[in-house]
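Structure first, then comments.
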Amino acid sequence: TELRCFGETATIGILFGSVTRSERYNDVDMVLVYDAKDNRKINEMLKERNEINVKRIHPIRQTLQDIDNNLKKGDKVLLEAIKTGIVMFGYEKYIEVIKNHSR
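In structure tokens form, the structure reads like this:
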């Protein structure tokens, strides 16, 4: 899908929420894990996509450090994304993050 284009810059992309459960959804919830140095490029990509898409992308932005810290804190939104989401890209890195967290 067109959301895979974020994989050129982001490390991990996870779709979650109503977009994964129903054909009737209001927005596209997506966890994007990327280096902080790529924030400007990700912002440009999001702006571009949200200008042309009917359903807006609602990103949960994380660095690898953020995702580790938020998993340790038990962040409910992030845990929900991991439990029920669909990994769009970065599956190997996603598995590595989950394995490191479960130790």
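Counting from -17, one number per residue, gives the positions in the sequence shown under our numbering.
From the three backbone atoms N, C-alpha and C, an ideal C-beta is built for every residue, glycine too.
As the structure is a computational prediction, the values presented were derived from the model and not from experiment.
Segment limits, beta strand (DSSP E) that includes residue i
i: residue 11; result: 9 to 15
i: residue 69; result: 68 to 71
i: residue -3; result: -6 to -2
Within 8 Å, strictly: CB atoms of residue i and residue j
i: residue -5; j: residue 12; result: yes
i: residue 24; j: residue 32; result: no
Close Cβ partners of residue i (< 7 Å) along its chain, the five nearest in sequence each way excluded
i: residue 2; result: 66, 67, 68
Cβ-heavy atom distance, residue i to the ligand COA, below 7 Å
i: residue -7; result: Judged by which ligands are present, the structure shown has none, so any question about the ligand COA falls away.
Close-in-space but distant-in-sequence residues of the same chain around residue i (CB under 8 Å, 5 per side omitted)
i: residue 72; result: -11, -8, -7, -6, -5, 15
i: residue 42; result: 11, 12, 13, 14, 59, 60, 63
Neighbourhood of residue i by C-beta, 6 Å cutoff - its chain only, sequence neighbours within 5 removed
i: residue 53; result: 83
i: residue 47; result: none
i: residue 37; result: 9, 10
For residue j and residue i, the rounded distance between their alpha carbons
i: residue 55; j: residue 45; result: 15 Å
i: residue 79; j: residue 35; result: 30 Å
Q) Curious, which full-length alpha helix (DSSP H) runs of at least 4 residues does the segment 15 to 47 contain? A) If we require 4 residues or more, the alpha helix (DSSP H) runs fully inside the segment 15 to 47 come out as 21 to 34.
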